[in-house]
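Using our numbering, the first residue of the sequence shown is number 35, and each one after it goes up by one. Right, one structure below, let's go through it.
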Amino acid sequence: MEASKWQHYPKCSMGFAGKTTYKSYGWTSEYQFRPKWTLNWNFEVQARMDSIVQLHGSMGLIGGPAFMGWAINNSWTPKGIGTSILFGLMIMAIPDGISYHIPISYRWDISPYVNVLGFDFVPANSDVGKNYLLYSASAGVRCSYWFADRFFTKAFVETRKAGFLEFNYGLGVAIGWSVPLMKKSRFDS
């Protein structure tokens with residue numbers, strides 16, 4: 035983990051949401067910004083057995099376009115529009131949360147995480163009569179094993195709360211790859 039700058043992995047999970055169960059499929063990317071610390075971006079689709087579907091993402095995916103629309107509508111110059119688009123794209127890049135990686139032995143690490151900047155979109159269906167956009171937060175722990183050649187597998191346990199919906203408790207697995215840190219040459223400052 036310490037030698038990777040980015041980690042990317044598809045994942046699947048299952049668990050309980052109140053009195054029903056769910057299955058979830060998604061994608062996570064982590065960016066190491068300091069040794070042992072990573073920022074998390076998540077996208078997931080969760081299908082509950084009570085026919086509620088939740089699409090999960092980072093708040094920046096909503097805030098960025100909303101800011102761009104508002105700012106462009108209130109800008110009267112090309113420079114103002116360009117700046118609005120730039121700031122909107124920067125907002126879209128905001129991650130869901132953060133992880134801390136604790137090495138436990140050769141090729142193994144444990145990483146507690148908390149994601150507090152998420153949203154869940156719940157489209158209208160038979161159980162919820164209209165569309166909902168809900169604040170979502172999650173916390174959990176991942177255990178990772180690193181194979182040779184930048185590949186890894188993960189197992190995780192997690193709890194999530196989205197708006198008025200019940201707490202979710204689940205577990206899952208992932209397999210992915212990492213992008214290594216670039217080595218500095220002796221000419222870099």
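Every residue, glycine too, gets a C-beta built ideally from N, C-alpha and C. Since this is a predicted model, take the numbers as computed values, not measurements.
Nearest CA to the CA of residue i: which residue from the options?
i, options, result
"Phe190", "Phe198, Phe181, Cys177", "Cys177"
"Ser145", "Thr117, His135, Leu151", "His135"
"Phe264", "Lys45, Ile86, Lys57, Leu73", "No answer is possible for residue 264: it lies beyond the span of the chain, which begins at 35 and ends at 223."
"Leu167", "Val175, Tyr179, Asp154, Ala158", "Asp154"
"Val213", "Gly60, Pro44, Tyr65", "Tyr65"
"Tyr224", "Trp142, Ala158, Glu200, Gly163", "The shown model of the chain, from 35 to 223, leaves out residue 224, and the question about it has no answer."
"Thr187", "Met102, Ser38, Tyr43", "Tyr43"
"Trp75", "Gly131, Phe101, Gly116", "Gly131"
"Lys57", "Gly206, Gly174, Tyr147", "Gly206"
"Ile106", "Ile119, Leu151, Ser92", "Ile119"
"Phe90", "Asn108, Pro129, Gln41", "According to the sequence as given, residue 90 is His; it is not Phe. With distances taken between Cα atoms, His90 lies closest to Pro129."
"Tyr140", "Phe50, Ala182, Trp61, Gln88", "Ala182"
"Tyr203", "Thr72, Thr54, Ser133, Gly163", "Thr54"
"Gly174", "Asn159, Thr193, Ala158, Gly163", "Thr193"
Give the range of the beta strand (DSSP E) segment to which residue i is assigned.
i, result
"Phe101", "No beta strand (DSSP E) holds Phe101; the alpha helix (DSSP H) holding it covers 94-107."
"Pro44", "38-51"
Can you tell me whether residue i sits near the ligand SAM, meaning its C-beta is under 7 Å from at least one heavy atom of the ligand?
i, result
"Phe153", "The ligand SAM is not among the ligands present in this structure, which contains no ligands whatsoever."
Less than 8 Å between CB atoms is the rule here; does residue i satisfy it with respect to chain D?
i, result
"Trp61", "The chain labelled as chain D is not found in the depicted structure, where only one protein chain is given."
State the DSSP-derived secondary structure class of residue i, mapped to helix, strand or coil.
i, result
"Ser170", "strand"
"Ser133", "strand"
"Pro69", "coil"
"Gly163", "coil"
"Phe121", "helix"
"Pro214", "strand"
"Pro157", "coil"
"Ile115", "helix"
"Asp183", "coil"
"Asp222", "Interpretation of Asp222 is limited by its pLDDT of 44, a score under 50 that renders its predicted location unreliable; the figure taken from the coordinates is listed afterwards. Asp222: coil per DSSP, three-state reduction."
When DSSP builds the beta bridges, which residues end up paired with residue i?
i, result
"Gly60", "Lys45, Glu78"
"Lys195", "Ala171"
"Phe190", "Arg176, Gly206"
"Leu227", "Because the chain is modelled from 35 through 223, residue 227 falls outside the range shown and cannot be assessed."
For the putative contact between residue i and residue j, defined by C-beta atoms under 8 Å, what is the C-beta separation to the nearest angstrom?
i, j, result
"Val156", "Asn149", "No, Val156 and Asn149 are not in contact; Cβ-Cβ is about 18 Å, not under 8 Å."
"Gly94", "Met126", "5 Å"
"Ala208", "Lys70", "Not confirmed; about 19 Å, so no contact."
"Arg184", "Trp142", "With 8 Å as the limit, Arg184 and Trp142 do not qualify as a contact, their Cβ atoms being about 16 Å apart."
"Gly103", "Leu123", "Gly103 to Leu123, Cβ: 13 Å. No contact."
"Glu78", "Gly60", "3 Å"
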